[in-house]
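Its first residue numbered 1, the sequence shown is counted upward by one per residue in full-length UniProt numbering.
First comes the structure, then the notes that go with it.
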Amino acid sequence: MRPVSTLWMTVLLLVAAGCGGSPPSDQPPPPTGHGTGTGTGTGTMLTNSPAPSATSDTGCGPHTVTALPSEQPAPVCLTIGAGLHIATQPSPSQPWSVPTSSDESVLRCTARQLASGAAEATCTAVHAGTAVVTMTTSPFAGDPHGPPQPQWRLTVTVV
Numbered sequence: 001m002r003p004v005s006t007l008w009m010t011v012l013l014l015v016a017a018g019c020g021g022s023p024p025s026d027q028p029p030p031p032t033g034h035g036t037g038t039g040t041g042t043g044t045m046l047t048n049s050p051a052p053s054a055t056s057d058t059g060c061g062p063h064t065v066t067a068l069p070s071e072q073p074a075p076v077c078l079t080i081g082a083g084l085h086i087a088t089q090p091s092p093s094q095p096w097s098v099p100t101s102s103d104e105s106v107l108r109c110t111a112r113q114l115a116s117g118a119a120e121a122t123c124t125a126v127h128a129g130t131a132v133v134t135m136t137t138s139p140f141a142g143d144p145h146g147p148p149q150p151q152w153r154l155t156v157t158v159v
């Protein structure tokens, strides 16, 4: 066997041996599944894939969700008084409607539309129950057979 081939074989074996190994005992294991600290997520998600948002250790707490037209978010849980911030990406050709709560006695939202076609809302959990936040994009201007009109829904449980 040539020396170069032997070197590559040794490197390959060392790399393969390192795969699937346990982290050192003084280091925590890598995160799995959904996020577990207050943070952000994306439309469907949020940045901690696959969930749209991260949560506090109890599973309920403040959330930030970025709505994406191609994805539906996982349900979120809030405690009474906790906040929920929802934002969309700019969409000048198909502006987003403002996010609305199906039950303002459970989840009260203040929302606005931005010049870029984006929308955002800040919601507050006010009473135990379930509400659904919805929004949609406008029809594509100039082409009745253009891109679809995404409809976005986020189920929020307040405890």
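By construction, the Cβ of each residue, glycine as well, lies at the ideal position given by its N, Cα and C atoms.
It should be emphasised that the depicted structure is a prediction, and the values quoted were computed from it without experimental measurement.
*Could you tell me the distance, in whole angstroms, from the CA atom of P136 to the CA atom of A119?*
Per the sequence shown, residue 136 should be read as Thr rather than Pro. Each residue's alpha carbon lies about 10 Å from the other.
*If I'm right that A125 touches I86 with Cβ under 8 Å, what's the distance once you round it to whole angstroms?*
That belief does not hold up - the Cβ atoms of A125 and I86 are roughly 13 Å apart, past 8 Å.
*Would you list, in sequence order, the uninterrupted beta strand (DSSP E) runs of no fewer than 3 residues that lie entirely inside the region 110–155?*
With a minimum length of 3 residues, the continuous beta strand (DSSP E) runs that stay inside the region 110–155 are 119–125, 129–136.
_Reduced DSSP secondary structure (H/G/I, E/B, other) of residue 161_ = Because the chain in this structure spans residues 1 to 159, residue 161 falls outside the shown range and cannot be described.
*Report all residues from its chain with a CB closer than 7 Å to the CB of V158; omit the five preceding and five following residues, and keep chain order.*
Hits under 7 Å: L78, I80, V106, L107, A125, H127, A128, G129.
*asked:* Please report the straight-line C-alpha distance between S116 and P95, rounded to a whole angstrom.
replied: Cα to Cα, S116 sits roughly 8 Å from P95.
*Where does C131 land, buried or exposed, given buried means 16+ other C-beta within 10 angstroms?*
Checking the displayed sequence, the identity of residue 131 turns out to be Ala instead of Cys. The Cβ neighbour count for A131, taken over all protein chains shown within 10 Å, is at least 16; the residue is labelled buried.
*Whole-angstrom Cβ separation of L154 and V98, contact assumed at under 8 Å?*
14 Å between Cβ atoms; not a contact.
*Please state if the CB of P147 and the CB of F140 are separated by a distance shorter than 7 Å.*
Here F140 is near P147, since their CB atoms are less than 7 Å apart.
*Span of the beta strand (DSSP E) holding L84?*
Unbroken beta strand (DSSP E) run through L84: 83–88.
*Exposed or buried, W152, counting other C-beta atoms within 10 Å across all chains shown (16 or more means buried)?*
Buried, by the Cβ-count rule.
*Start and end of the beta strand (DSSP E) containing V106?*
No beta strand (DSSP E) contains V106, which DSSP labels as neither H nor E.
*asked:* Short of 7 Å in beta carbon distance, which residues of its chain neighbour S91, apart from the five on each side in sequence? Order them along the chain.
replied: Within the same chain, S91 has close Cβ partners G117, A118, T137.
*asked:* Quick check: what's the CA-CA separation for T66 versus G142?
replied: Rounded to the nearest angstrom, the gap between the Cα atoms of T66 and G142 is 27 Å.
_A82 versus G59, Q113, P144, residue with shortest Cα-Cα distance_ = For A82, the nearest C-alpha among the options comes from G59.
*Name the DSSP bridge partner or partners of residue 177?*
In the structure as shown, the chain begins at 1 and stops at 159. Residue 177 is therefore absent and cannot be evaluated.
*Secondary structure of V98, DSSP reduced to three states*: Three-state DSSP puts V98 in coil, outside helix and strand.
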